[in-house]
Every structure is written in structure tokens, then in C-alpha cells.
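To start, the structure under review is shown below, and the notes come after it.
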Amino acid sequence: MKAFLSTAIIAAILLIASPVAAQSDNQICVSHADWAESLRMGWKERVIGSGMIVGGIIVELFASPNGEIWTILFTYPGGLTCAFASGEGWSTITPSPDEPAEPDDGKGSI
4 MKAFLSTAII
14 AAILLIASPV
24 AAQSDNQICV
34 SHADWAESLR
44 MGWKERVIGS
54 GMIVGGIIVE
64 LFASPNGEIW
74 TILFTYPGGL
84 TCAFASGEGW
94 STITPSPDEP
104 AEPDDGKGSI
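Quick note, in the numbering used here, the sequence shown goes up one by one and the last residue is 113.
This is the structure in C-alpha cells:
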């Protein structure tokens, strides 16, 4: 079940992260420096995670201390940065050392 959910979330991000989505009216897109400054000054958010997805798009997760407020930004090649999602109550879940990883049965994750 966790593998299916992870696959669904990744598929949704890849679909929404297309360059066409960056031009839609429902996203706020400005320079990365402007976004980072706004999140830092307005809500005390800092980057707590980042990665790269298809097309060279950088995904960053910003969160305030204790995760009260969080924001996910996409930075597209060329520098345009858009807000993808934001919310409240971010929590980082760290698996216990004795929690087994899900085995790969070779059948895929769906």
C-alpha cells in the first residue's frame, strides 16, 4: 500500500510539474530569491529538503520551525520558481531502526 501511494504521489507531481503548469493562472511564480526571502521573512520557513525530478525541475520543501507551516516550490530550468503546495502541520517521520523496509518482490509497486 505504501508503495502504491508513493507511486501515485510521484505521478501527480510529475504531471503537475510540467512547464505548461508553470504558466497556469493558479500558480504564483517569481524568482527563486524572491520566494526564499518571502518565506524566510514572512513565515520563518527554511529549506528542509530538496531533489530533482524529470526535466531538471528542482523541488524544495520549506518549513517553519516545528513544521507549523510548509511550502513546496518547483524551480524550472531558466530560474522561474512556482509555489506548488502549502499547508500546516508538517511532520517528519523517521522510521525506527528495527522497522523493516518493504521488500522488492520484482512485480512493481502497483
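Glycine included, C-beta positions come from ideal geometry on N, C-alpha and C.
Inter-residue CB distance, Ile31 and Cys85 (contact presumed, cutoff 8 angstroms): Taking the first residue of the sequence shown as 1, we reach residue 31 at position 28. Taking the first residue of the sequence shown as 1, we reach residue 85 at position 82. At roughly 7 angstroms, the Cβ-Cβ gap stays under 8 angstroms, so Ile31 and Cys85 are in contact.
Secondary structure at Gly92, three-state DSSP: helix, strand or coil? Reading the sequence shown from its first residue, position 89 is the one you call residue 92. Of the three classes helix, strand and coil, the one that applies to Gly92 here is coil, per DSSP.
Verify whether the separation of the beta carbon atoms of Ser89 and Thr74 is less than 7 angstroms. The residue labelled residue 89 in the question sits at position 86 within the sequence shown. The residue labelled residue 74 in the question sits at position 71 within the sequence shown. When the beta-carbon positions are compared, Ser89 and Thr74 come within less than 7 angstroms of each other.
Measuring alpha carbon to alpha carbon, tell me which of Glu91, Glu48, Pro80 ends up nearest Val57. To locate residue 57, count along the sequence shown from 1; it is residue 54. Comparing Cα-Cα distances from Val57 to each of Glu91, Glu48, Pro80, the minimum goes to Pro80.
Taking the CB atoms as reference points, tell me whether Gly70 and Trp46 lie closer together than 7 angstroms. Position 67 of the sequence shown, counted from the first residue, corresponds to residue 70. Position 43 of the sequence shown, counted from the first residue, corresponds to residue 46. No, they are not a contact pair.
Is the distance from the Cβ of Glu40 to the Cβ of Ser67 below 7 angstroms? Residue 40 sits at position 37 when you count from the first residue of the sequence shown. Residue 67 sits at position 64 when you count from the first residue of the sequence shown. It is not a contact, given that the beta carbons lie outside the stated cut-off.
Compute the distance between the beta-carbons of Thr95 and His35, then report whether it is under 7 angstroms. By 1-based counting over the sequence shown, the position of residue 95 is 92. By 1-based counting over the sequence shown, the position of residue 35 is 32. Their beta carbons are not under 7 angstroms apart, which means Thr95 does not touch His35 by this criterion.
Between the beta-carbon of Phe65 and the beta-carbon of Leu42, is there less than 7 angstroms? If you number the sequence shown from 1, residue 65 lands on position 62. If you number the sequence shown from 1, residue 42 lands on position 39. In this structure, Leu42 lies closer than 7 angstroms to Phe65 by Cβ.
My output table needs one value for Gly82: the three-state DSSP class, helix, strand or coil. Position 79 of the sequence shown, counting from 1, holds the residue named residue 82. In this structure, Gly82 counts as coil in the three-state DSSP scheme.
For Gly52, which beta-bridge partners are listed by DSSP? On the sequence shown, position 49 is the one that residue 52 refers to. For Gly52, which the question treats as bridged, DSSP gives the partners Leu64.
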